Amino acid sequence: QVQLVESGGGLVQAGGSLRLSCSASTSIFSICDVNWYRQAPGKQRELVAGIAVGESTNYADSVKGRFTISRDNAKNTAYLQMNDLKPEDTAVYYCHAHLVALHFDYWGQGTQVTVSS
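Residue numbers (my numbering): -16 to 100.
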């Protein structure tokens, strides 16, 4: 079992930055692909960024060039650096870990990001 805890959300003005963290309860995290999703009110949850076990990354078109995903396996933590934030980035951001070997999925409780115009 992997427990995920997100932190770093908050209220920021447009153009500002935030760094989200996703801390895992176990070192199994290091063999999980990790993703950040977000869900805005009235909208479906969408994939924002992902980082594989091998550290290849992928991003939604809407955040390319502004967001950077990274991981520190020694700390069982993943990060999402968000720059040049826009009001449309407002959402609850969720950390997701996929244990590739067993096809298990784990979710955090989410952290609110609000970007004011």
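We put the CB at the ideal spot given by N, CA and C, even for glycine.
Keep in mind it's a predicted model, so treat the numbers as computed, not measured.
N- and C-terminal bounds of the beta strand (DSSP E) containing residue i
i: residue 80; result: 74 to 82
i: residue 9; result: From DSSP, residue 9 is part of no beta strand (DSSP E); its letter is neither H nor E.
i: residue 54; result: 50 to 55
i: residue 101; result: For the chain, the structure presents residues -16 to 100; residue 101 sits outside this window and is missing.
i: residue 21; result: 15 to 22
i: residue 100; result: It is not in any beta strand (DSSP E) - residue 100 carries neither H nor E in the DSSP assignment.
i: residue 32; result: 29 to 34
Cut-off 8 angstroms between Cβ atoms - residues of its own chain near residue i, not counting five sequence neighbours on either side
i: residue 70; result: -3, 98, 99 and 100
i: residue 88; result: 79, 80, 81 and 82
i: residue 29; result: 20, 21, 22 and 43
i: residue -5; result: 1, 68, 96, 97, 98 and 99
i: residue 14; result: 36, 82, 83 and 84
beta-carbon residue i near the ligand ADP non-hydrogen atom, thresh 7 angstroms
i: residue -13; result: Absent from the structure shown: the ligand ADP. Ligands present: none.
Chain-order list of residues whose beta-carbon lies under 6 angstroms from that of residue i (same chain, five-residue window excluded)
i: residue 61; result: 5, 17 and 54
C-beta neighbour in chain B for residue i, strict 8 angstroms
i: residue 9; result: In summary, chain B is missing from the structure at hand, where a single protein chain is found.
Distance between residue j and residue i (C-alpha atoms, nearest Å)
i: residue 74; j: residue 66; result: 15 angstroms
| task | Say whether the stretch 41 to 49 touches the stretch 1 to 12, bearing in mind that this needs 3 or more beta-carbon pairs closer than 8 angstroms, one atom from each stretch. | result | no
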